[in-house]
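To start, the structure under review is shown below, and the notes come after it.
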Amino acid sequence: MFELEVLPPVTQVRELDTSALVDAMGRAARLEAATAARRLAAIAELFDRRLHEVDADQREQWLIDGHEQVTAEVACALGISRARASALIRVAHALYERLPKTAAKFALGLVDYRVITILVARTELILDDADVATLDAVVARQVHRWNRLSRKKLTDAIDTCVLDIDRLAKKPARTPADDREIGIGPDRDGNAEIWGTVAAPDAIAFDTRLNALADSVCPQDPRTKARRRADALGALSVGATTLACHCGRDDCPTLTEPAPPQPEVVITVVSDPAVGTGYLPGYGVLSEQALADIAERATQQLQLAHPGEHSDPEPGYRPSAALAAFVRARDLTCRFPGCDAPAQVCDVDHTVPWPHGPTHPSNLKILCRRHHLLKTFYTGPRWWKDTQRHDGTIVWTSPTGHTYRTKPHGALLFPSLTRSTGHLDLPAAPPPKPGRGHAMPTRTMTRAQQTAYRINYERTQNAQYYALNPEPPPEPPPF
Numbered sequence: 001m002f003e004l005e006v007l008p009p010v011t012q013v014r015e016l017d018t019s020a021l022v023d024a025m026g027r028a029a030r031l032e033a034a035t036a037a038r039r040l041a042a043i044a045e046l047f048d049r050r051l052h053e054v055d056a057d058q059r060e061q062w063l064i065d066g067h068e069q070v071t072a073e074v075a076c077a078l079g080i081s082r083a084r085a086s087a088l089i090r091v092a093h094a095l096y097e098r099l100p101k102t103a104a105k106f107a108l109g110l111v112d113y114r115v116i117t118i119l120v121a122r123t124e125l126i127l128d129d130a131d132v133a134t135l136d137a138v139v140a141r142q143v144h145r146w147n148r149l150s151r152k153k154l155t156d157a158i159d160t161c162v163l164d165i166d167r168l169a170k171k172p173a174r175t176p177a178d179d180r181e182i183g184i185g186p187d188r189d190g191n192a193e194i195w196g197t198v199a200a201p202d203a204i205a206f207d208t209r210l211n212a213l214a215d216s217v218c219p220q221d222p223r224t225k226a227r228r229r230a231d232a233l234g235a236l237s238v239g240a241t242t243l244a245c246h247c248g249r250d251d252c253p254t255l256t257e258p259a260p261p262q263p264e265v266v267i268t269v270v271s272d273p274a275v276g277t278g279y280l281p282g283y284g285v286l287s288e289q290a291l292a293d294i295a296e297r298a299t300q301q302l303q304l305a306h307p308g309e310h311s312d313p314e315p316g317y318r319p320s321a322a323l324a325a326f327v328r329a330r331d332l333t334c335r336f337p338g339c340d341a342p343a344q345v346c347d348v349d350h351t352v353p354w355p356h357g358p359t360h361p362s363n364l365k366i367l368c369r370r371h372h373l374l375k376t377f378y379t380g381p382r383w384w385k386d387t388q389r390h391d392g393t394i395v396w397t398s399p400t401g402h403t404y405r406t407k408p409h410g411a412l413l414f415p416s417l418t419r420s421t422g423h424l425d426l427p428a429a430p431p432p433k434p435g436r437g438h439a440m441p442t443r444t445m446t447r448a449q450q451t452a453y454r455i456n457y458e459r460t461q462n463a464q465y466y467a468l469n470p471e472p473p474p475e476p477p478p479f
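In terms of UniProt numbering, the sequence shown opens at residue 1 and continues consecutively.
See below:
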């Protein structure tokens, strides 16, 4: 559909004068928008075709419904996460189903993708088809002038169009309470970042508790108050009433205080002495020093054994603790393309289902529950297939026949895990049994019902606001 050969080479920009460079940026931006429009058009068409397949309506109540299956296809095709793929589907479907005139301007490269995403989000509360068509016509006449607007001005422009058509469809303003959240993510070298917004009384109580724990050490503790407060979070999370002192003195007065019982917290770290570094699932690679700090605090260290190239299959369905530990260490994350779910919260899956396929390291891999269900219930000739190689490589074949290969992340970090676990002569996966779908976990509401419920809730909020804040009557003319 597109050929890179029709574009001038990137090195050609060096031959342009400064004015031509600015022109080149503008043309490239328009081409980028036009290309993004075609990407969304392809996504929307794929989504529409999948929803009109013979048994699509039977899967609406499934936890892994048709939308989730298309999300997996899009994520694999574009090499992106499930969350990003799902967002693209939402924008693509809304744009081409509800706003075709605006979509035509987008296809010409006249509208930036940023504008499209905000437009779709802020117009979704309009329900009447005629009102949607009116909005589309109004927006299409002016949307090409919105690229340069800031987010605030762009939001104002869209909301003005919405209010002129259906005042109950304006997105309700978010309150501070709506934005309460706590986020945790990886930082550098075994550290994590924590951020969030909470109610002020809770923040005061949290701050007071951190100070109390930080002050529970003796005066000889070498850490700053800021570091003790950071360390106090760990003590607080396990229910401790005091913070362990780091003074190192045998006569430290805090040693006479009985330590409260500590709940068990399991933190799995994978390391290889030959490499010198470690890996904390969900947080990344650890330096040698960070690994040593964690090892010093560990209550248990297990020696991981590679099963070797000639290991025998285990007799039952469930792998032994040693075999499961090896598979988790080798894979580290879910093995579906683009998924980073840590192995500790994932399932151990038989690539060829047991008992047709053995409980053996060359037939086991890690899948998160979502992708485990996808593989289990969207299987067969027209759905997903996966094959496994002796080094842990998984080759996925999508419903369209495209293939995607994933390597075990642990094997990339720790070379000793790349050794073969043995070739297996495995049969093809058996065809799915009739009625298998009855075992799929179900939703309490379909995705469409959830969307309708949320839209109705937000429109009701607007109606209640206008009932309490009626618009003043128009003033009489001055004559």
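Backbone N, C-alpha and C fix where the C-beta goes; we use that ideal spot for every residue, glycine too.
Proximity of residue i and residue j at Cβ, strictly below 7 angstroms
{"i": "Thr102", "j": "Val139", "result": "yes"}
{"i": "Lys385", "j": "Thr400", "result": "no"}
{"i": "Arg98", "j": "Val132", "result": "yes"}
{"i": "Arg335", "j": "Ile366", "result": "yes"}
{"i": "Gly284", "j": "Pro186", "result": "yes"}
{"i": "Val115", "j": "Val91", "result": "no"}
{"i": "residue 481", "j": "Pro408", "result": "Any question about residue 481 goes unanswered here, given that the chain covers just 1 to 479."}
{"i": "Val217", "j": "Leu255", "result": "no"}
{"i": "Gly183", "j": "Leu286", "result": "no"}
{"i": "Ile165", "j": "Leu127", "result": "no"}
{"i": "Ile118", "j": "Leu154", "result": "yes"}
{"i": "Tyr378", "j": "Pro337", "result": "no"}
{"i": "Pro342", "j": "Pro281", "result": "yes"}
{"i": "Gly79", "j": "Arg30", "result": "no"}
{"i": "Leu210", "j": "Arg223", "result": "no"}
{"i": "Val111", "j": "Val162", "result": "no"}
{"i": "Ala77", "j": "Leu374", "result": "no"}
{"i": "Gln61", "j": "Arg443", "result": "yes"}
{"i": "Lys225", "j": "Ala235", "result": "no"}
{"i": "Leu125", "j": "Glu471", "result": "no"}
Backbone CA spacing between residue i and residue j [nearest angstrom]
{"i": "Leu417", "j": "Ala411", "result": "5 angstroms"}
{"i": "Tyr371", "j": "Gly422", "result": "First, the amino acid is wrong: residue 371 is His here, not Tyr. Rounded to whole angstroms, His371 to Gly422 spans 25 angstroms at the Cα level."}
{"i": "Ser81", "j": "Gln220", "result": "48 angstroms"}
{"i": "Ala94", "j": "Gln69", "result": "18 angstroms"}
{"i": "Ile394", "j": "Gln388", "result": "5 angstroms"}
{"i": "His306", "j": "Lys171", "result": "56 angstroms"}
{"i": "Arg50", "j": "Ala56", "result": "7 angstroms"}
{"i": "Arg419", "j": "Ser237", "result": "39 angstroms"}
{"i": "Met440", "j": "Ser311", "result": "34 angstroms"}
{"i": "Pro431", "j": "Trp383", "result": "11 angstroms"}
{"i": "Gln464", "j": "Asp179", "result": "21 angstroms"}
{"i": "Arg249", "j": "Ala192", "result": "30 angstroms"}
{"i": "Arg167", "j": "Lys152", "result": "19 angstroms"}
{"i": "Leu424", "j": "Asp231", "result": "49 angstroms"}
{"i": "residue 509", "j": "Leu46", "result": "Residue coverage of the chain in this structure runs from 1 to 479, which leaves residue 509 outside it and unanswerable."}
{"i": "Ala42", "j": "Asp349", "result": "32 angstroms"}
{"i": "Ala467", "j": "Tyr113", "result": "36 angstroms"}
{"i": "Gly278", "j": "Leu332", "result": "12 angstroms"}
{"i": "Cys368", "j": "Thr376", "result": "12 angstroms"}
{"i": "Tyr453", "j": "Arg59", "result": "20 angstroms"}
{"i": "Arg27", "j": "Cys339", "result": "35 angstroms"}
{"i": "His52", "j": "Ala203", "result": "50 angstroms"}
{"i": "Ile158", "j": "Val269", "result": "49 angstroms"}
{"i": "Pro24", "j": "Asp17", "result": "Here residue 24 turns out to be Ala, not Pro, going by the sequence shown. Taking the straight line from one Cα to the other gives about 10 angstroms."}
{"i": "Trp146", "j": "Phe106", "result": "12 angstroms"}
{"i": "Val22", "j": "Arg148", "result": "16 angstroms"}
Other residues of its chain near residue i: CB distance less than 6 angstroms, five sequence neighbours each side excluded
{"i": "Ala44", "result": "Ala92, His93, Tyr96"}
{"i": "Arg39", "result": "none"}
{"i": "Gln461", "result": "Pro172"}
{"i": "Leu426", "result": "Val352, Gly357"}
{"i": "Cys252", "result": "Cys218, Cys245"}
{"i": "Leu413", "result": "Tyr279"}
Residues near residue i by beta carbon distance below 8 angstroms, same chain, minus five either side
{"i": "Leu233", "result": "Ile194, Leu210"}
Cβ shell of residue i (< 7 angstroms), same chain only, five flanking positions each side left out
{"i": "Glu181", "result": "Gly196, Thr197"}
{"i": "Asn363", "result": "His350, Thr351, Val352, Gly357, Gln388, Leu424, Leu426"}
Complete alpha helix (DSSP H) runs within the segment 282–362 (minimum length 4 residues, chain order): 288–297, 321–331
Does the contact criterion of 3 or more C-beta pairs under 8 angstroms hold for the segment 30–42 versus the segment 351–361? no
Length at least 4, wholly inside the segment 117–184: the alpha helix (DSSP H) runs in chain order: 129–142, 151–165
Would the segment 446–454 and the segment 60–68 be scored as touching if the rule is three or more Cβ pairs under 8 angstroms? yes
Output the residue ranges of the beta strand (DSSP E) runs that lie fully inside the segment 177–251 and measure 3 residues or longer, sorted by chain position. 181–186, 192–197
Counting only runs of 4+ residues fully inside the segment 19–104, write out the alpha helix (DSSP H) ranges in chain order. 66–78, 82–98
In chain order, which beta strand (DSSP E) runs of at least 3 residues are fully inside the segment 379–460? 385–388, 394–397, 403–406
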